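Notes follow the structure.
Protein chains: 2
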Amino acid sequence: MSAVGVAPGPVAVVGLGLIGGSLARLLAARDVDVVATDVSPATRAAARRAGLTVADDVAGCVADASLVVLATPLRAMATVAADVAEHAPAAATVTDVGSVKGPVRAEMAAAGLAGRYVGAHPMAGTERSGFDASDAALLDGVRWAVTVDDGTDPGRLATVLALVTGSCAGTAAVLADDVHDEAAALVSHVPHVLATQLLNAVAGAPVRAVALGLAAGSFRDGTRVALTDPARTEAMVSQNAAWVAPALRKVVRDLELVVASLERNGSAHAFFHAADGVRQDGRVPRRDGAGDRQAVERVPLAPGWPAVLVERCTGGAVVVGLTSSDVEVVPAPV
Amino acid sequence: MSAVGVAPGPVAVVGLGLIGGSLARLLAARDVDVVATDVSPATRAAARRAGLTVADDVAGCVADASLVVLATPLRAMATVAADVAEHAPAAATVTDVGSVKGPVRAEMAAAGLAGRYVGAHPMAGTERSGFDASDAALLDGVRWAVTVDDGTDPGRLATVLALVTGSCAGTAAVLADDVHDEAAALVSHVPHVLATQLLNAVAGAPVRAVALGLAAGSFRDGTRVALTDPARTEAMVSQNAAWVAPALRKVVRDLELVVASLERNGSAHAFFHAADGVRQDGRVPRRDGAGDRQAVERVPLAPGWPAVLVERCTGGAVVVGLTSSDVEVVPAPV
Numbered sequence: 004m005s006a007v008g009v010a011p012g013p014v015a016v017v018g019l020g021l022i023g024g025s026l027a028r029l030l031a032a033r034d035v036d037v038v039a040t041d042v043s044p045a046t047r048a049a050a051r052r053a054g055l056t057v058a059d060d061v062a063g064c065v066a067d068a069s070l071v072v073l074a075t076p077l078r079a080m081a082t083v084a085a086d087v088a089e090h091a092p093a094a095a096t097v098t099d100v101g102s103v104k105g106p107v108r109a110e111m112a113a114a115g116l117a118g119r120y121v122g123a124h125p126m127a128g129t130e131r132s133g134f135d136a137s138d139a140a141l142l143d144g145v146r147w148a149v150t151v152d153d154g155t156d157p158g159r160l161a162t163v164l165a166l167v168t169g170s171c172a173g174t175a176a177v178l179a180d181d182v183h184d185e186a187a188a189l190v191s192h193v194p195h196v197l198a199t200q201l202l203n204a205v206a207g208a209p210v211r212a213v214a215l216g217l218a219a220g221s222f223r224d225g226t227r228v229a230l231t232d233p234a235r236t237e238a239m240v241s242q243n244a245a246w247v248a249p250a251l252r253k254v255v256r257d258l259e260l261v262v263a264s265l266e267r268n269g270s271a272h273a274f275f276h277a278a279d280g281v282r283q284d285g286r287v288p289r290r291d292g293a294g295d296r297q298a299v300e301r302v303p304l305a306p307g308w309p310a311v312l313v314e315r316c317t318g319g320a321v322v323v324g325l326t327s328s329d330v331e332v333v334p335a336p337v
Numbered sequence: 004m005s006a007v008g009v010a011p012g013p014v015a016v017v018g019l020g021l022i023g024g025s026l027a028r029l030l031a032a033r034d035v036d037v038v039a040t041d042v043s044p045a046t047r048a049a050a051r052r053a054g055l056t057v058a059d060d061v062a063g064c065v066a067d068a069s070l071v072v073l074a075t076p077l078r079a080m081a082t083v084a085a086d087v088a089e090h091a092p093a094a095a096t097v098t099d100v101g102s103v104k105g106p107v108r109a110e111m112a113a114a115g116l117a118g119r120y121v122g123a124h125p126m127a128g129t130e131r132s133g134f135d136a137s138d139a140a141l142l143d144g145v146r147w148a149v150t151v152d153d154g155t156d157p158g159r160l161a162t163v164l165a166l167v168t169g170s171c172a173g174t175a176a177v178l179a180d181d182v183h184d185e186a187a188a189l190v191s192h193v194p195h196v197l198a199t200q201l202l203n204a205v206a207g208a209p210v211r212a213v214a215l216g217l218a219a220g221s222f223r224d225g226t227r228v229a230l231t232d233p234a235r236t237e238a239m240v241s242q243n244a245a246w247v248a249p250a251l252r253k254v255v256r257d258l259e260l261v262v263a264s265l266e267r268n269g270s271a272h273a274f275f276h277a278a279d280g281v282r283q284d285g286r287v288p289r290r291d292g293a294g295d296r297q298a299v300e301r302v303p304l305a306p307g308w309p310a311v312l313v314e315r316c317t318g319g320a321v322v323v324g325l326t327s328s329d330v331e332v333v334p335a336p337v
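Residue numbers (my numbering), protein chains in the order written: chain D, 4 to 337; chain X, 4 to 337.
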């Protein structure tokens, strides 16, 4: 843990599903003082059996917290945020792990927590859900998005970056909410929609039985995330509808051109080669990691440093660590 | 190998790329008499170093063959088919491993090989290509499509089924070319197009650097097959343009409805649940296999048996073996 660390008091994790459960397990494994809770008594019991410190309600969970991590579904956020506003110390920083950031910040502002909030989104998941599927390894060393706005308190941002790059051994892109939500639409929500569409197309086809029998790697990989709980996928996509809809509109326009080209020429050369630059520079990550730590640069914790990080990270740089005087940044690959 | 087996003489594999090379290696490992060739001297040398029996040209490769497997790109098929027609024994059966079947049958007919031809397509592949990437394990025990028409010789069909279910330890769906090509569009070619589209959308986005930095599992899986040689993907899709174009048209229509729904309601419930039946009956294969051999049924090798197989397999049944008197079939899962 860096010198710019979490204030005294435990980290409170509210919500023990896949992500909240994995985070609580990871922090406990790293000897961070963590107290968790969940709305479900059965989940609380399971978390106690797993060795976690568990409070019976949100009030008890956040009462002494230095940092509150909201890991509940978005639909529960307004209620939980009101509890946090009432029961958490004013010094406690509030963050979350939701897959959209603009809508969460709006909920926080509505609950009077705008000044204490820093957004966060760990880029990890599995097809499974619930505390039983949670695993400290799921969030160990992964990339996070950490989102800010003009009013974000630098000390609270440092608290969240210390958690991500210290206890969680991860890396962080510090971004505006909109940039995160647009990027998440492209690399997560649109992929979930297209995976669902691939599955739907086969499910509705006269040759369905044959097609499923012949399905090999490209179909299995292309539909993997569509096989998860479709209600969860629907919720995730709906929460980011403002960015998913225009991104999908562009997908539809592009595919119309491919179809027209296939119908006219039997080919669509430009389409298949449009991403050759990305293929060639090897920028598609095969798995997450800390980047090239050889190339670490230091951003001093001088006035205005959050805005410097946003500018750097929007260009592709990543925060890999935090000291008492600097943020350690790895530049975007050239 | 079953009693209804390959006639005397080696299996000739023409073309030693990923699939041809893997097939030659697998047959050799199973002590099948196999002779292979490739247009590239370097590939022939590599195949000899790998211990395969290699002929210097197509004529030498097929001269004594009982079964000829064409594993060349479709664009080379006309030339190779002419060589086979000239040099292979009239008794030799001709098959192939191409990802589309209607266009290959047309090439065979043009070369005068219609009466000797049975179509075949192993449902396996990797992102890699070429003999260096070939591996006997790639085709060991996989699902094949085997295609016929009204004129297919039953003995030649039996020869190909014996190869697939015997030496290759695989299973086969016996289908009409069109049914295969439509199903392949849905489970292979359309997935390749959508994977390419996902990559293109990020490559062309202003938030490209951020998006690639945040990309996690859904994007990696959704774009895996788009990272392979785009020229190969383009060729595969183009060859089946007649089926890919209408399937993609339907994808475009469905996605337009999703976009409209997201724009209007912020949700798209029906879309996300359209394939719930497929999810629930667990019909999406996680990997290929022989199916439930407990449920084997026997189709006697009586007059008209190929048509019986086509009917059964079009409903989802799979051929798992062949004896001197019967074809062993596993019915479609209920």
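Just so it is clear, CB atoms sit at the ideal spot from N, CA and C, and this is done for glycine as well.
Source: prediction; values computed, not measured.
Give the range of the beta strand (DSSP E) segment to which Val196 of chain D is assigned.
Bounds of any beta strand (DSSP E) do not take in Val196 of chain D; it lies within the alpha helix (DSSP H) bounded by 193-206.
Is it the case that the Cβ atoms of Val193 of chain D and Ala127 of chain D are separated by a distance below 9 angstroms?
no
Quick check on DSSP: helix, strand or coil for Leu21 of chain X?
DSSP places Leu21 of chain X within a helical segment (H, G or I) once states are collapsed to three.
Any chance the stretch 139-155 of chain D sits against the stretch 226-239 of chain X, with 3 or more Cβ pairs inside 8 angstroms?
Counting C-beta pairs with one atom in each stretch, the stretch 139-155 of chain D and the stretch 226-239 of chain X have fewer than three that are closer than 8 angstroms, which means they do not touch.
Closest by CA to Pro309 of chain D, which one among D:Thr162, D:Arg78, D:Leu21?
That would be D:Thr162, whose Cα lies nearest to the Cα of Pro309 of chain D.
Please determine, among D:Ala218, D:Ser43, D:Asp232, the residue with the shortest C-alpha to C-alpha distance to Ser191 of chain X.
D:Ala218
Identify which residue in X:Asn268, X:Ala187, X:Val61, X:Leu55 has its Cα closest to the Cα of Ala248 of chain X.
X:Ala187
For chain D, find out if any of its Cβ atoms is closer than 9 angstroms to the Cβ of Thr129 of chain X; answer yes or no.
Yes, because at least one Cβ of chain D sits closer than 9 angstroms to the Cβ of Thr129 of chain X.
Mind listing the chain X neighbours of Val182 of chain D? Cutoff is C-beta to C-beta under 8 angstroms, in chain order.
Below the 8 angstroms Cβ cutoff, chain X contributes Val210, Val213 as neighbours of Val182 of chain D, in chain order.
Can you check whether the CB of Ala68 of chain D is closer than 9 angstroms to the CB of Val14 of chain D?
Yes, the Cβ-Cβ distance between Val14 of chain D and Ala68 of chain D is below 9 angstroms.
Could you tell me whether the Cβ atoms of Arg282 of chain X and Glu331 of chain X are closer together than 9 angstroms?
no
What three-state label does DSSP hand Pro233 of chain X in the structure shown?
helix
What three-state label does DSSP hand Val100 of chain X in the structure shown?
coil
For Ala79 of chain X, decide whether its Cβ has a neighbour in chain D, counting only Cβ atoms nearer than 9 angstroms.
no
Would you verify that the beta carbon of Pro44 of chain X is, or is not, closer than 9 angstroms to some beta carbon of chain D?
No, Pro44 of chain X lies away from the interface with chain D (no Cβ there is under 9 angstroms from its Cβ).
How many Å lie between Val228 of chain X and Ala39 of chain D at the Cα?
C-alpha separation (whole angstroms): 41 angstroms.
Can you give, in chain order, each stretch of the alpha helix (DSSP H) that sits fully within the stretch 37-82 of chain X and has at least 4 residues?
44-52, 61-65
Could you list the residues in the stretch 95-129 of chain X with a C-beta less than 7 angstroms from some C-beta on chain D, going in chain order?
Going along the stretch 95-129 of chain X in chain order, one finds Met126, Ala127, Gly128 with a Cβ nearer than 7 angstroms to chain D.
If I measure Cβ to Cβ from Pro233 of chain X and keep anything under 8 angstroms in the same chain, skipping five residues before and after, which residues do I get?
Thr199
Could one say the Cβ of Thr236 of chain D lies closer than 9 angstroms to chain X's Cβ atoms, at least one of them?
yes
What are the residues of the stretch 307-336 of chain X that lie near chain D, defined by any Cβ-Cβ distance shorter than 8 angstroms?
So the close ones are Cys316, Thr317, Gly318, Gly319, Val321, Ala335.
Our contact map puts Arg33 of chain D next to Ser221 of chain D with C-beta atoms below 8 angstroms; I'd like the distance itself, whole angstroms only.
With a Cβ gap of about 39 angstroms, Arg33 of chain D and Ser221 of chain D do not count as contacting.
Is the CB-CB distance between Asp224 of chain X and Asp224 of chain D below 9 angstroms?
yes
Output, in chain order, the set of chain D residues within a Cβ distance shorter than 7 angstroms of Asp257 of chain X.
Gln200, Asn203
On the premise that Ala204 of chain D lies in contact with Val262 of chain X, defined as a C-beta separation below 8 angstroms, what is that separation, rounded to the nearest angstrom?
Not a contact, Cβ separation roughly 16 angstroms.
With which residues is Ala148 of chain D paired in a DSSP beta bridge?
D:His124, D:Ala176
Can you name the residues of chain D whose CB is closer than 8 angstroms to the CB of Glu266 of chain X?
Neighbours of Glu266 of chain X on chain D, chain order: Ala244, Ala248.
Is His272 of chain X buried or exposed, if buried means 16 or more other CB atoms sit within 10 Å of its CB?
exposed
If you count every other CB in all the chains shown that lies within 10 Å of the CB of Ala81 of chain D, and 16 or more means buried, which is it?
When all chains shown are included, Ala81 of chain D counts as exposed.
Output needed for Phe274 of chain D: all residues of its chain with C-beta closer than 6 angstroms, excluding positions within five of it in sequence on either side, in chain order.
Val261
Using 10 angstroms around the beta-carbon of Ser328 of chain D, count the other beta-carbons present and answer buried if the total reaches 16, otherwise exposed.
exposed
From Arg252 of chain X to Val196 of chain D, what does the alpha carbon distance come to, in whole angstroms?
16 angstroms
My assumption, with CB atoms under 8 angstroms, is that Arg119 of chain D sits in contact with Ala95 of chain D. Please give the rounded CB distance.
7 angstroms
Using 8 angstroms as the cut-off, can you tell me whether the stretch 73-88 of chain D makes contact with the stretch 102-114 of chain D, which would need three or more C-beta pairs spanning the two stretches below that distance?
yes
Could you work out which residue in D:Ile22, D:Leu116, D:Gly207, D:Ala245 is closest to Gly101 of chain D when comparing CA atoms only?
D:Ile22
Glu185 of chain X versus chain D: which residues are under 9 angstroms apart at the beta carbon?
Ala208, Pro209, Val210, Val213, Ala214
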